[in-house]
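As structure tokens, the structure follows; a few thoughts come after it.
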Amino acid sequence: MPLLGDFCLYFALALAAYCFVVGILGFIRKDEIGFRLAETGRRAGMGTFFAVTIAALVLVWAALNNDFSIAYIQQHSNRALPIPYKIAVLWSGQEGSLLFWSWLLATYAFVLRVRHKVDTRLVATTSMVLAGVQVFFLLLTCFVANPFGMMSTVAADGNGLNPLLQYPEMVIHPPMLYLGYVGFSVPFAFALAALMMRYPGEKWIHITRRWTMVTWLFLTCGIALGAHWAYAVLGWGGYWGWDPVENASLLPWLSGTAFLHSVMMQEKRGMMKMWNMWLIFVTFMLSILGTLLTRSGVVQSVHAFAQSSIGSWFYAFLMIILIVCVVAFVKNRRHLESENKLESLVSRESSFLFNNLVLLAACFAVLCGTLFPILSEWVRGFRITVGAPFFNKVMLPIGLFLIFLTAVGPLLAWRKTSLGSLKKNFALPAGLSVLVGVALIPFGVKPWNGIAYLYAWLTFVFSTLVIATIVSEFIRGGRVLQGKLNTNIFGGMYHLTRRNMRRYGGYIVHFGVILACIGIAGQAFNQEKEQEMAQGDKLQIGSYTLVGQEYTEDDNANYGSNAALLDVYKNGKYLTRLSPEHRQFKASNQGTTIVADYSTLKEDLYVIYEGLNPETQHPIIKAFINPLVNWLWIGVLTVVFGTGMALVPNAAQIKSPVTVTAAAGALDPGGGASMRPAGARK
Amino acid sequence: MKFAATILALFLSVGSLMAADNSSRFESVGGKIMCSCGCGQMLLKCNHVGCPNSATMIRQLHEQVAATDDDQAVLNFFRKEWGVTAVVEPDRHGFELLAWILPFAGLGVGVCLLVMVVHKWHVHEAGVKPAETRLDPHLESLRARARKETEI
Numbered sequence: 004m005p006l007l008g009d010f011c012l013y014f015a016l017a018l019a020a021y022c023f024v025v026g027i028l029g030f031i032r033k034d035e036i037g038f039r040l041a042e043t044g045r046r047a048g049m050g051t052f053f054a055v056t057i058a059a060l061v062l063v064w065a066a067l068n069n070d071f072s073i074a075y076i077q078q079h080s081n082r083a084l085p086i087p088y089k090i091a092v093l094w095s096g097q098e099g100s101l102l103f104w105s106w107l108l109a110t111y112a113f114v115l116r117v118r119h120k121v122d123t124r125l126v127a128t129t130s131m132v133l134a135g136v137q138v139f140f141l142l143l144t145c146f147v148a149n150p151f152g153m154m155s156t157v158a159a160d161g162n163g164l165n166p167l168l169q170y171p172e173m174v175i176h177p178p179m180l181y182l183g184y185v186g187f188s189v190p191f192a193f194a195l196a197a198l199m200m201r202y203p204g205e206k207w208i209h210i211t212r213r214w215t216m217v218t219w220l221f222l223t224c225g226i227a228l229g230a231h232w233a234y235a236v237l238g239w240g241g242y243w244g245w246d247p248v249e250n251a252s253l254l255p256w257l258s259g260t261a262f263l264h265s266v267m268m269q270e271k272r273g274m275m276k277m278w279n280m281w282l283i284f285v286t287f288m289l290s291i292l293g294t295l296l297t298r299s300g301v302v303q304s305v306h307a308f309a310q311s312s313i314g315s316w317f318y319a320f321l322m323i324i325l326i327v328c329v330v331a332f333v334k335n336r337r338h339l340e341s342e343n344k345l346e347s348l349v350s351r352e353s354s355f356l357f358n359n360l361v362l363l364a365a366c367f368a369v370l371c372g373t374l375f376p377i378l379s380e381w382v383r384g385f386r387i388t389v390g391a392p393f394f395n396k397v398m399l400p401i402g403l404f405l406i407f408l409t410a411v412g413p414l415l416a417w418r419k420t421s422l423g424s425l426k427k428n429f430a431l432p433a434g435l436s437v438l439v440g441v442a443l444i445p446f447g448v449k450p451w452n453g454i455a456y457l458y459a460w461l462t463f464v465f466s467t468l469v470i471a472t473i474v475s476e477f478i479r480g481g482r483v484l485q486g487k488l489n490t491n492i493f494g495g496m497y498h499l500t501r502r503n504m505r506r507y508g509g510y511i512v513h514f515g516v517i518l519a520c521i522g523i524a525g526q527a528f529n530q531e532k533e534q535e536m537a538q539g540d541k542l543q544i545g546s547y548t549l550v551g552q553e554y555t556e557d558d559n560a561n562y563g564s565n566a567a568l569l570d571v572y573k574n575g576k577y578l579t580r581l582s583p584e585h586r587q588f589k590a591s592n593q594g595t596t597i598v599a600d601y602s603t604l605k606e607d608l609y610v611i612y613e614g615l616n617p618e619t620q621h622p623i624i625k626a627f628i629n630p631l632v633n634w635l636w637i638g639v640l641t642v643v644f645g646t647g648m649a650l651v652p653n654a655a656q657i658k659s660p661v662t663v664t665a666a667a668g669a670l671d672p673g674g675g676a677s678m679r680p681a682g683a684r685k
Numbered sequence: 445m446k447f448a449a450t451i452l453a454l455f456l457s458v459g460s461l462m463a464a465d466n467s468s469r470f471e472s473v474g475g476k477i478m479c480s481c482g483c484g485q486m487l488l489k490c491n492h493v494g495c496p497n498s499a500t501m502i503r504q505l506h507e508q509v510a511a512t513d514d515d516q517a518v519l520n521f522f523r524k525e526w527g528v529t530a531v532v533e534p535d536r537h538g539f540e541l542l543a544w545i546l547p548f549a550g551l552g553v554g555v556c557l558l559v560m561v562v563h564k565w566h567v568h569e570a571g572v573k574p575a576e577t578r579l580d581p582h583l584e585s586l587r588a589r590a591r592k593e594t595e596i
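If you're matching them up, the sequences are chains E and G in order.
Numbering-wise, the first sequence is residues 4 to 685 according to the numbering used here.
Numbering-wise, the second sequence is residues 445 to 596 according to the numbering used here.
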């Protein structure tokens with residue numbers, strides 16, 4: 004079986020290389036022969052998918068069947084590992100995760116190539132670009148980090164999976180992140196293809212809108228799942244530590260968010276074409292940079308794979324991408340000139356510009372902080388640590404400015420906003436947010452108590468502003484339709500949303516982001532306490548009392564565990580029993596913390612078992628009160644829901660798809676009238 | 445006797461206030477120090493059993509916080525004792541100041557560029573014929589639909 008996997012990888016590389024080369028020939032020739040060559044390349048590209056799929060299945064099969072003759076399986080699995088984690092072995096190590104990346108890329112490209120009739124010419128060039136990326140990743144899996152390397156002697160059992168990864172969320176967190184990282188290859192490939200072909204209009208944006216949103220959604224889910232995993236498993240009481248690898252996932256998310264906003268300017272006003280082109284180029288390059296940071300050992304991180312020589316390959320690949328993008332841009336930049344100009348600084352267009360600027364400033368700040376240790380090593384010979392306090396100080400003001408823009412942007416009209424309409428739209432939300440700001444003070448949110456309190460207070464005030472503007476947008480639109488359709492306000496809002504899923508889905512996404520920000524602001528009020536807890540001992544934190552009941556030990560084939568049983572009382576009333584745990588995994592001889600969490604909308608009581616005091620043999624318990632954390636997770640779920648809404652076609656368009664297709668077909672000079680514009684029914 | 449009790453009560457309350465103050469300083473300064481064992485965790489968050497460094501570092505932090513009121517002096521002690529990587533925030537002078545300046549300089553450069561672009565557009569707008577005459581009617585129909593999709 005390992006030989007089959009190996010063969011499939013080489014075969015996939017050959018097919019991808021063929022697809023890439025004939026794609027270039029087809030692009031250069033631009034005649035019938037070129038077209039036919041490109042068509043053979045498309046089919047070869049589809050073949051790549053099948054070959055990489057077989058290779059990935061072989062590796063999963065080897066993990067499921069404990070084939071420790073394969074070095075990768077021996078290093079990342081063991082016999083006692085539960086089946087879901089054996090499947091997760093595919094993305095748990097350097098070699099397997101590169102194969103997984105290749106497979107995801109091949110899958111995305113397969114879907115694209117199957118749907119080539121959406122625009123055969125554009126897809127042919129896009130397919131060529133994707134094949135180039137695919138060749139790079141297959142080169143890595145074949146020659147640098149081959150997952151089918153064999154052991155000289157077969158061990159009886161494997162080293163096991165990293166215990167930190169043995170958690171249900173970790174089975175889906177990496178695939179989500181990879182789907183996000185890899186997914187940006189598609190809009191990137193479309194953008195580069197459209198630029199190289201000097202393709203007219205915004206067709207590439209219309210085609211890739213859903214790809215980009217789905218990709219962004221995957222990346223959002225991946226980041227959120229990672230944060231939740233850190234909260235539930237790492238046991239330090241938080242969910243975001245500004246670790247370099249966490250930052251690496253945030254970088255393309257920030258630039259991708261900027262891209263999702265600024266493409267609207269191009270769609271609606273024909274503006275910011277160069278900007279959008281570079282935004283998607285940068286987003287893709289940041290995805291590759293994230294992979295480089297995770298895999299090269301260039302930064303120290305709990306997430307990083309072992310140090311290896313793979314970094315130089317990624318540096319070279321990044322350089323090639325940059326050169327290709329710059330050359331294509333310089334050669335074709337006149338094609339990207341704006342058709343409209345900014346008419347006023349107080350307009351929706353300018354709010355998009357500022358939004359983009361702030362998102363990219365955030366991206367740049369994260370990049371600076373992440374790479375500063377490397378820079379300091381080059382300059383001064385040692386690495387300066389840049390940790391969470393630095394990022395918090397730099398990112399919080401930027402984040403607050405972004406929340407403020409989220410509130411103001413939707414209130415501004417396209418082209419120009421009059422002072423009168425600004426006052427009219429802004430007065431009520433602004434008044435409400437000031438009221439909330441004042442009302443929070445008696446509840447202890449006093450901005451003069453320290454910088455953390457000030458930031459939290461500002462977050463609550465600006466969040467109220469955003470929520471009030473969103474609600475007022477729904478009510479205002481709902482009222483218009485209420486009269487027209489002779490229904491009530493809720494009926495009006497429902498029809499309003501169904502007619503404009505993209506816009507109102509976007510508002511729901513903003514609402515979700517604000518809920519998440521409220522959850523993050525709760526950190527300003529965190530409390531923590533550590534204590535040794537024998538039977539009957541009490542730990543008081545906030546209004547909670549923890550009473551030590553029992554200390555237990557357990558053992559199974561995979562791990563041994565110690566747990567403390569604690570009864571929780573709030574204001575003297577019994578609430579629940581918590582059981583924080585420490586597990587020691589046998590195969591890897593590594594430990595992990597299983598957090599016990601009593602979670603409410605107001606706060607989490609988060610308890611960890613720190614170990615036994617060797618002198619007294621009593622468990623040491625650390626308890627945290629983390630206010631508002633649940634709002635972060637609710638916010639993420641709202642973002643997912645809102646993005647899903649924005650992906651659904653509008654109700655009005657469902658009734659008249661023919662009109663839409665005709666309008667879209669008029670755009671296609673190549674006769675590709677089958678292009679489906681954004682919003683039309685599948 | 446009453447006087448002595450009052451003095452004792454006052455002394456204890458001042459003592460407890462100072463202890464509370466030291467405790468919050470311990471938390472805030474401790475939040476800027478990294479555990480040096482290689483676990484990648486902040487010193488006060490390092491929770492792995494059998495860590496060879498965190499207990500010593502935490503004891504030293506207690507001692508330093510009690511010995512001096514200057515937070516920077518405490519951080520400098522850890523830089524000297526455990527190496528520059530023990531402190532998680534770059535310094536505010538010399539080369540390390542660059543880390544603090546760069547993000548905001550980036551934002552500043554971005555704002556300047558934005559203003560320049562907007563200014564250029566305004567100047568350009570005044571000198572050319574109306575943009576509408578150069579618009580592709582087909583593209584405009586699609587944009588009109590995009591506007592309709594996202595506006596009321």
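Heads up, the beta-carbon is just placed ideally off N, CA and C, and yes, glycines get one too.
Quick check on the DSSP output: what are the complete alpha helix (DSSP H) runs of length 4 or more inside the stretch 463 to 547 of chain G, in order along the chain?
Fully enclosed alpha helix (DSSP H) runs of 4 or longer: 498 to 511 and 515 to 526.
What did DSSP end up calling residue 269 of chain E once you bin it into helix, strand or coil?
Against the first sequence, residue 269 of chain E aligns to sequence position 266. Reduced to three states, the DSSP call for residue 269 of chain E is helix.
Chain G contact residues for residue 372 of chain E, given Cβ-Cβ distances below 8 Å
For the purposes of this step, residue 372 of chain E is taken as the residue at position 369 of the first sequence. Those within 8 Å of residue 372 of chain E in chain G are 543 and 547.
Whose Cβ in chain E lies nearer than 7 Å to the Cβ of residue 554 of chain G?
In the second sequence, counting from the first residue as 1, residue 554 of chain G sits at position 110. In chain order: 360, 363 and 364.
Are the C-beta atoms of residue 451 of chain E and some chain G residue less than 8 Å apart?
Taking the first sequence and counting its residues from 1, one reaches residue 451 of chain E at position 448. Not closer than 8 Å to any Cβ of chain G, the Cβ of residue 451 of chain E fails to qualify, so no.
Residues of its chain near residue 347 of chain E, where Cβ-Cβ distance is below 8 Å and the 5 sequence neighbours each way are ignored:
Counting from one through the first sequence, the residue named residue 347 of chain E turns up at place 344. 353, 418, 419 and 420.
If you follow the alpha helix (DSSP H) that residue 171 of chain E is part of, which residue opens it and which one closes it?
By 1-based counting over the first sequence, the position of residue 171 of chain E is 168. Where residue 171 of chain E is concerned, the enclosing alpha helix (DSSP H) starts and stops at 171 to 186.
Quick one: which chain G residues come within Cβ less than 7 Å of residue 386 of chain E?
Within the first sequence, numbered from 1, the residue matching residue 386 of chain E stands at position 383. In chain order: 529.
C-beta contact flag for residue 585 of chain E and residue 614 of chain E at 8 Å:
Within the first sequence, numbered from 1, the residue matching residue 585 of chain E stands at position 582. Within the first sequence, numbered from 1, the residue matching residue 614 of chain E stands at position 611. The answer is yes: Cβ separation under 8 Å.
Residue 276 of chain E, buried or exposed, once every other Cβ within 10 Å from all chains shown has been counted against 16:
Translated into positions along the first sequence, residue 276 of chain E becomes position 273. Flag for residue 276 of chain E reads buried.
Residue 564 of chain E - DSSP class collapsed to helix/strand/coil
As a working mapping, residue 564 of chain E is identified with position 561 in the first sequence. Residue 564 of chain E falls in the strand class under three-state DSSP.
Rounded straight-line distance, which links the Cα of residue 515 of chain E to that of residue 581 of chain E
Counting from one through the first sequence, the residue named residue 581 of chain E turns up at place 578. Counting from one through the first sequence, the residue named residue 515 of chain E turns up at place 512. Annotation: residue 581 of chain E to residue 515 of chain E spans about 30 Å, alpha carbon to alpha carbon.
Starting from residue 348 of chain E, find everything on chain G with Cβ-Cβ shorter than 7 Å and list it in chain order.
As a position in the first sequence, residue 348 of chain E is number 345, starting the count at 1. Under the 7 Å cutoff, chain G gives 562.
First and last residue of the alpha helix (DSSP H) that includes residue 458 of chain E?
Taking the first sequence and counting its residues from 1, the one referred to as residue 458 of chain E is at position 455. Counting along the chain, the alpha helix (DSSP H) containing residue 458 of chain E begins and ends at 454 to 488.
Taking all protein chains shown into account, decide if residue 18 of chain E is buried (16 or more other Cβ within 10 angstroms of its Cβ) or exposed.
Taking the first residue of the first sequence as 1, we reach residue 18 of chain E at position 15. Buried, since its Cβ has 16 or more Cβ neighbours within 10 Å.
Between residue 475 of chain E and residue 123 of chain E, what straight-line distance do the alpha-carbon atoms span, to the nearest angstrom?
Translated into the one-based positions of the first sequence, residue 475 of chain E becomes position 472. Translated into the one-based positions of the first sequence, residue 123 of chain E becomes position 120. Approximately 44 Å, taken between the alpha carbons.
List, in chain order, every chain G residue whose beta-carbon is nearer than 7 Å to that of residue 356 of chain E.
Within the first sequence, numbered from 1, the residue matching residue 356 of chain E stands at position 353. Within chain G, the residues whose beta carbon sits less than 7 Å from that of residue 356 of chain E are 558, listed in sequence order.
When DSSP builds the beta bridges, which residues end up paired with residue 586 of chain G?
What you label residue 586 of chain G is simply residue 142 of the second sequence in a count that begins at 1. In DSSP, residue 586 of chain G forms no bridge with anything.
Are there three or more Cβ pairs, one per stretch, closer than 8 Å when the stretch 214 to 226 of chain E is compared with the stretch 587 to 606 of chain E?
Counting Cβ pairs under 8 Å, fewer than three are found: no touch.
Proximal residues to residue 585 of chain G (C-beta, below 8 Å), its chain only, five neighbours per side dropped:
Numbered from 1 along the second sequence, position 141 holds the residue referred to as residue 585 of chain G. None.
Quick one: does residue 430 of chain E have its CB under 8 Å from some CB of chain G?
Numbered from its first residue, the first sequence carries residue 430 of chain E at position 427. False, the Cβ-Cβ gap to chain G never drops below 8 Å.
Consider the Cβ of residue 519 of chain G: report whether some Cβ of chain E lies at a distance smaller than 8 Å.
The sequence position of residue 519 of chain G within the second sequence is 75, counting from 1. By this cut-off, residue 519 of chain G is not an interface position.
Can you have a look at residue 77 of chain E and say buried or exposed, based on whether 16 or more other CB atoms are within 10 angstroms of its CB?
Reading the first sequence from its first residue, position 74 is the one you call residue 77 of chain E. Buried: at least 16 other Cβ atoms inside 10 Å.
Whose C-beta lies closer than 7 Å to the C-beta of residue 472 of chain E among residues of the same chain, with five residues either side of it excluded?
In the first sequence, counting from the first residue as 1, residue 472 of chain E sits at position 469. Sequence-distant Cβ neighbours of residue 472 of chain E in its own chain, meaning closer than 7 Å and more than five residues away, are 410, 413, 414 and 432.
Check whether the stretch 73 to 88 of chain E touches the stretch 45 to 56 of chain E, counting contact only when three or more Cβ pairs, one atom from each stretch, lie closer than 8 Å.
Contact between the stretch 73 to 88 of chain E and the stretch 45 to 56 of chain E is absent: fewer than 3 CB-CB pairs across the two stretches fall below 8 Å.
Which residues of chain G have a Cβ atom closer than 7 Å to the Cβ of residue 293 of chain E, listed in chain order?
Taking the first sequence and counting its residues from 1, the one referred to as residue 293 of chain E is at position 290. Neighbours of residue 293 of chain E on chain G: none; closest Cβ ~18 Å, over 7 Å.
Within chain C, the residues that residue 382 of chain E reaches when beta carbons sit closer than 7 Å:
Here chain C cannot be found, since the structure's protein chains are E and G.
Name the one or two DSSP bridge partners that residue 602 of chain E has.
If you number the first sequence from 1, residue 602 of chain E lands on position 599. Per DSSP, E/607.
With a cut-off of 8 Å on the beta carbons, I'd call residue 538 of chain E and residue 552 of chain E a contact; round off their distance for me.
Working through the first sequence from its first residue, we reach residue 538 of chain E at position 535. Working through the first sequence from its first residue, we reach residue 552 of chain E at position 549. Indeed, because the Cβ distance is near 7 Å, the residues count as touching under 8 Å.
Please check the pair residue 566 of chain E and residue 583 of chain E, which I expect to be a contact at CB under 8 Å, by giving their CB distance rounded to whole angstroms.
In the first sequence, residue 566 of chain E corresponds to position 563, counting from 1. In the first sequence, residue 583 of chain E corresponds to position 580, counting from 1. Taking the Cβ atoms as the reference, residue 566 of chain E lies roughly 7 Å from residue 583 of chain E, within the contact range of under 8 Å.
CB-CB under 8 Å to residue 291 of chain E, same chain, minus the five flanking residues each way: which ones, in chain order?
Indexing the first sequence from 1 puts residue 291 of chain E at position 288. Taken in chain order, the residues that qualify are 317, 320, 321 and 324.
May I ask you to report which of helix, strand or coil DSSP gives residue 396 of chain E?
Locating residue 396 of chain E in the first sequence gives position 393, where the first residue counts as 1. It is helical.
Residue 557 of chain E, enclosing beta strand (DSSP E) - first and last residue
As a first step, residue 557 of chain E is located in the first sequence; it is residue number 554 there, counting from the start. Start and end: 547 to 558.
Measuring only between beta-carbons, confirm whether residue 476 of chain G sits less than 8 Å from chain E.
Counted from its first residue, the second sequence places residue 476 of chain G at position 32. With 8 Å as the cut-off, residue 476 of chain G counts as an interface residue toward chain E.
Any Cβ of chain G within less than 8 Å of the Cβ of residue 397 of chain E?
In the first sequence, residue 397 of chain E corresponds to position 394, counting from 1. By this cut-off, residue 397 of chain E is an interface position.
Are there 16 or more other CB atoms within 10 angstroms of the CB of residue 312 of chain E, so buried, or fewer, so exposed?
As a first step, residue 312 of chain E must be located in the first sequence, where it is residue number 309. Exposed, by the Cβ-count rule.
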